[in-house]
Amino acid sequence: MPDTRQSSLAKGTSPDYLLLTGATGLLGRYLLRDLLAAGRRVAVLVRNTSEEPAAERVETIMERWEAEAGRPLPRPVVLAGDVTCQNLGLDRDDLHWVAGHVRSVIHAAALVRFDLDERDGEPIRTNLGGTREVLRFCALLGIQDFHYVSTAFVCGKREGTIRENETDFGQEFHNSYEQSKFEAELSVNAATAIRHRTIYRPTIITGDSNTGYTNTYFGMMWYLKLLAILVPQQPIGPDGKRHTPIEMPVSGDEPHNLVPVNWVSQVITHLFSLPEARGQVFHLASPHRVTMRGVVEVCYDYFGSGGVKFVGDAGHGLSLENDFARTFFVSSRNYRAYDRFTPDFERANLNRLSGHLPCPPIDGRVVIKFLEFGKQDRWGKRRRRSRPEAGAATQALRQMLDQKCQTGLKRLINGYATGLGVDLLGPGGGQWRLIPDINTGAWSLSRGLGPADQPVRSLTVDELNEHSSASG
Numbered sequence: 106m107p108d109t110r111q112s113s114l115a116k117g118t119s120p121d122y123l124l125l126t127g128a129t130g131l132l133g134r135y136l137l138r139d140l141l142a143a144g145r146r147v148a149v150l151v152r153n154t155s156e157e158p159a160a161e162r163v164e165t166i167m168e169r170w171e172a173e174a175g176r177p178l179p180r181p182v183v184l185a186g187d188v189t190c191q192n193l194g195l196d197r198d199d200l201h202w203v204a205g206h207v208r209s210v211i212h213a214a215a216l217v218r219f220d221l222d223e224r225d226g227e228p229i230r231t232n233l234g235g236t237r238e239v240l241r242f243c244a245l246l247g248i249q250d251f252h253y254v255s256t257a258f259v260c261g262k263r264e265g266t267i268r269e270n271e272t273d274f275g276q277e278f279h280n281s282y283e284q285s286k287f288e289a290e291l292s293v294n295a296a297t298a299i300r301h302r303t304i305y306r307p308t309i310i311t312g313d314s315n316t317g318y319t320n321t322y323f324g325m326m327w328y329l330k331l332l333a334i335l336v337p338q339q340p341i342g343p344d345g346k347r348h349t350p351i352e353m354p355v356s357g358d359e360p361h362n363l364v365p366v367n368w369v370s371q372v373i374t375h376l377f378s379l380p381e382a383r384g385q386v387f388h389l390a391s392p393h394r395v396t397m398r399g400v401v402e403v404c405y406d407y408f409g410s411g412g413v414k415f416v417g418d419a420g421h422g423l424s425l426e427n428d429f430a431r432t433f434f435v436s437s438r439n440y441r442a443y444d445r446f447t448p449d450f451e452r453a454n455l456n457r458l459s460g461h462l463p464c465p466p467i468d469g470r471v472v473i474k475f476l477e478f479g480k481q482d483r484w485g486k487r488r489r490r491s492r493p494e495a496g497a498a499t500q501a502l503r504q505m506l507d508q509k510c511q512t513g514l515k516r517l518i519n520g521y522a523t524g525l526g527v528d529l530l531g532p533g534g535g536q537w538r539l540i541p542d543i544n545t546g547a548w549s550l551s552r553g554l555g556p557a558d559q560p561v562r563s564l565t566v567d568e569l570n571e572h573s574s575a576s577g
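Using this note's numbering, the final residue of the sequence shown is 577, and nothing's skipped along the way.
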């Protein structure tokens, strides 16, 4: 009997692939995990780097998720490219594959940088230019379902309640990052080739509320990193505490909206599955607010420290009378514009379609998880393990065909004479389609799973090796 394990088609999802950009970023790697777990067929656009090819970068991410899950996981189709390049930097074969398989795009690639570097034009080049290239790509290939990961801070310096259906009010911006995302949103809305445009606007994304994990240190995670570096350098006083003499020009009770990356990914994955979510704008904001005073008090206990004063409007500029204060203020200058900025983001669309997915609060317990993970990660400087062997299992499948291992191939096909999708789970895995030649009886290999009416077998690497060794 044929293998009874079913593909994602049995779960009611589309046989078409979605193309995800930004899969190596913090949110992108969670989206990759959650979309695959939801049974989606996923292709990722990832840059080759001088240190590591795109396939190995993705394999590193998948092996981490696999270790956390404790079981083999499916792999996406990896396309080496760049969102800032024409046709996303894809070669002719990749363009042909995308044209035949991809029907939706989730554009999550972005550069979080708050200054405008005239030497490279970032973050405008990636955030605005990259979005426009992805939109041109969709128009070229007729992809009409477009999902854009924006930011709630396209509101710029607007205060008060920010509605989900509001975009352009002639607002000013705190930095070039906000402006680049705002102009990218305008480009998405103006794209006539897109039939369904869905926009997700998360607030300030933090690490994972369950594990503390992050692969990048921005926003709150940057502040925690800064404190973890500076506080232990302070001498221990007579009271047994490390004194951190600094006057913060805020009340300390300003409510800030922070959301954990795992929740943001969970919500986007859910909304992507809903036809009624198409064409909507969602503020991925938390009903729970975080205050600087609350975080500082957690850090007091964690580091055994004290000495922060919240002086609010009574402060006359930044007090720089000691090394701790000078270093802190200089190192956090890019974020100071948000110290007092506390708009209220409407959540009507979000609550209506994903109200059953509550946002975990960033409370003291979670802050401790962030601090503990950062320490283990050496705040981004932990040595990487050896590079993974991307495509190893896929190579074994190719060898099975090349060596004409008839017994093993027959066991694998097992009655599927008209073609078979093979979903190789685990290290070095991938998604492929075995296609028979009706004239010669030979089988060839094509990237990606097949159409809706074609069965799919899911095998682990070990199971594939068992088939391969069955040559007799």
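We put the CB at the ideal spot given by N, CA and C, even for glycine.
Under the three-state DSSP convention, the category residue i falls into
i	result
H301	strand
Y188	At residue 188 the sequence reads Val, which differs from the Tyr that was named. Three-state result, V188: coil.
V366	helix
T109	Bear in mind that a pLDDT of 31 at T109, under 50, signals an unreliable position, so the model cannot answer this.
A142	helix
G535	strand
G117	Model confidence at G117 stands at a pLDDT of 37, short of 50, so the residue's coordinates are unreliable; what they give is reported in the following sentence. Looking at G117 - three-state DSSP - the assignment turns out to be coil, as it is neither helix nor strand.
S549	strand
K414	strand
R230	helix
L379	coil
F478	helix
G577	Annotation note: pLDDT 44 at G577 (below 50); position unreliable, no value reported.
T165	helix
V471	helix
I373	helix
E290	helix
T523	coil
R347	strand
S314	coil
Y322	coil
F408	helix
CA-to-CA distance, residue j to residue i, given in whole angstroms
i	j	result
E381	F219	35 Å
Q249	P340	60 Å
G531	E156	23 Å
A148	L125	6 Å
K474	L150	31 Å
F387	V355	30 Å
E352	S436	15 Å
T231	H212	12 Å
T297	A185	27 Å
L525	L389	40 Å
G342	A174	45 Å
G496	L137	18 Å
P177	V416	53 Å
S255	L462	20 Å
G261	L332	28 Å
T374	S314	17 Å
L335	R445	23 Å
I299	R452	25 Å
Cutoff 8 Å; reference residue i; Cβ partners in own chain excluding five residues on either side
i	result
T396	G357, D358, E359, P360 and H361
V401	G357 and V413
A128	R134, L136, L137, V149, L150, V151, V163, I166, P181 and A213
T523	P541 and Q559
Cβ-based neighbour list, residue i, same chain, cut-off 6 Å, excluding 5 preceding and 5 following
i	result
D187	R152 and G194
P466	H393
E171	L178
E288	L233
N280	F219
G535	R180, T499 and L529
Same chain, Cβ closer than 7 Å to residue i, neighbours up to 5 away in sequence not counted
i	result
G235	V188, T189 and A214
F274	R263
P350	G412, N427, F429 and A430
G555	G524, G526 and R538
Y407	I473 and L476
N570	A501
L216	E227, P228, T231 and N232
Residue nearest to residue i in terms of C-alpha spacing, selected from the options
i	options	result
V364	A257, T311 and K330	T311
Q371	Y328, E264 and C464	C464
A430	P158, W327, H348 and G384	H348
P493	G133, R169, L123 and M326	R169
W484	V293, S551 and W327	W327
Q338	Y322, G265, T432 and H252	T432
A143	Y122, G130 and A159	Y122
V198	G553, D567 and R562	A small fix is needed here, since residue 198 is Asp in this sequence, not Val. Of the candidates G553, D567 and R562, the one whose C-alpha sits nearest the C-alpha of D198 is G553.
Problem - Entirely enclosed beta strand (DSSP E) segments - the segment 419-443, minimum 3 residues - result: You should have found no qualifying run.
Handout entry: Segments assigned alpha helix (DSSP H), at least 4 residues, entirely inside the segment 171-218
Key = Complete alpha helix (DSSP H) runs here, min 4: 197-206.
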